[in-house]
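Numbering (my numbering), first residue to last: 2 to 282.
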């Protein structure tokens, strides 16, 4: 696999995905008992916004850097932006020099009783994770692909877990592989919360994935999407997250904050938010 997320770090997909990740983790913290976050496609953990990869695409400029300029954000969006600012190593002028990936964001939100499991197979990403979390006893890094990580780590001892699945979707059968891994994980651990991120170029692969999820018998399933512009089969204009066993009232929270995110991205006229129960309880 040759995918390197540094080209895309901090783009609108990251902002959408990581805002939802923060909300999910905060819901888990409503109970005192510890929980585990399993990031099955961990990546580097942190990405330079001043390096060659980010400079080639400039995607962060239209993503996180634009959202950070949004005036008067709601408490939920403000919490996310403050977290990114704190972890993003701002320069003397207050501009981010790096963007925190999901491992770094998740780790910053955990309490002492919580754990973070990171799964990654790219050698450079593994090295970056090991440097970032050296001597951190709450973090365990595994050189495993996502399917093996889910098979070997679920259910956790606490029986409370949030699983993030966000592969790069380089392979044409990625949705099928995610579905297979999900069905196997759900059989072993049906009470876990699973968050599956996906990019949107053409609607049909996403619709087929959701039809297969419905047919699998897995429930409940909440789906939300952000579209910056009308669908174009050759251009990334949208991003989605399907959540199995979402926390109570997450749908209400997303219904409030995601339209605000759309406005912060400057797409309130050209874009739209989709939020629906793919499979209700």
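Positions of the beta carbon are idealized from the N, C-alpha and C atoms, including for glycine.
| Query | Result |
| --- | --- |
| Whose C-alpha, out of 41, 8 and 282, is nearest the C-alpha of residue 53? | 8 |
| Identify the continuous alpha helix (DSSP H) that holds residue 189 and give its terminal residues. | 175-189 |
| Cβ atoms of residue 109 and residue 101: under 9 Å apart, would you say? | yes |
| Shortest alpha-carbon distance to residue 40 belongs to which of 204, 226, 206 and 154? | 154 |
| Should residue 181 be labelled buried (16 or more other beta-carbon atoms within 10 Å of its own) or exposed? | exposed |
| Can you give the beta carbon distance from residue 282 to residue 220, rounded, assuming they're within the 8 Å contact cut? | 7 Å |
| Looking at C-alpha atoms only, which residue of 250, 196 and 267 is the closest neighbour of residue 230? | 267 |
| Report all residues from its chain with a CB closer than 8 Å to the CB of residue 139; omit the five preceding and five following residues, and keep chain order. | 108, 111, 113, 115, 116 and 117 |
| Identify the residues that DSSP records as bridge partners of residue 194: which are they? | 163 |
| Which residue marks the beginning of the beta strand (DSSP E) containing residue 228, and which one marks its end? | 222-228 |
| Candidates 123, 66 and 80: which alpha carbon is nearest residue 95's? | 66 |
| For residue 6, collect the residues of the same chain with a Cβ closer than 6 Å to its Cβ; drop the 5 residues on either side in sequence, then sort them by chain order. | 44 |
| Considering residue 98, what are the terminal residues of the beta strand (DSSP E) in which it resides? | Per DSSP, residue 98 belongs to no beta strand (DSSP E) and is neither H nor E. |
| Tell me the start and end of each unbroken alpha helix (DSSP H) in the segment 68-97 that is at least 4 residues and wholly inside, in chain order. | 76-88 |
| Does the segment 119-128 come close enough to the segment 17-29 to have 3 or more Cβ pairs within less than 8 Å? | no |
| Which one of 216, 186 and 69 has the shortest CA to CA distance from residue 165? | 186 |
| Could you tell me whether the segment 242-250 touches the segment 198-217, using the rule of 3 or more Cβ pairs below 8 Å? | yes |
| Starting from the N-terminal side, write out each stretch of the beta strand (DSSP E) that is 3 residues or longer and does not extend beyond the segment 200-261. | 222-228 and 239-245 |
| Can you find the residues in the same chain that come closer than 8 Å, C-beta to C-beta, to residue 184, ignoring five residues on each side of it along the sequence? | 217 and 219 |
| Would you check if there are 3 or more beta carbon pairs closer than 8 Å linking the segment 23-40 to the segment 71-90? | yes |
| Tell me the rounded alpha-carbon separation between residue 161 and residue 147. | 19 Å |
| Would you report the Cα separation of residue 222 and residue 10, rounded to the nearest angstrom? | 27 Å |
| With the cut-off set at 9 Å, would you say residue 215 and residue 280 are in Cβ contact? | yes |
| On a Cα-Cα basis, can you pick out the residue from 238, 265, 275 and 239 that is closest to residue 256? | 275 |
| Starting from the C-beta of residue 209, find all residues in its chain whose C-beta is less than 8 Å away, skip the five residues before and the five after it, and write them out in chain order. | 176 |
| Please identify the residue among 159, 84, 90 and 88 whose C-alpha is closest to the C-alpha of residue 36. | 159 |
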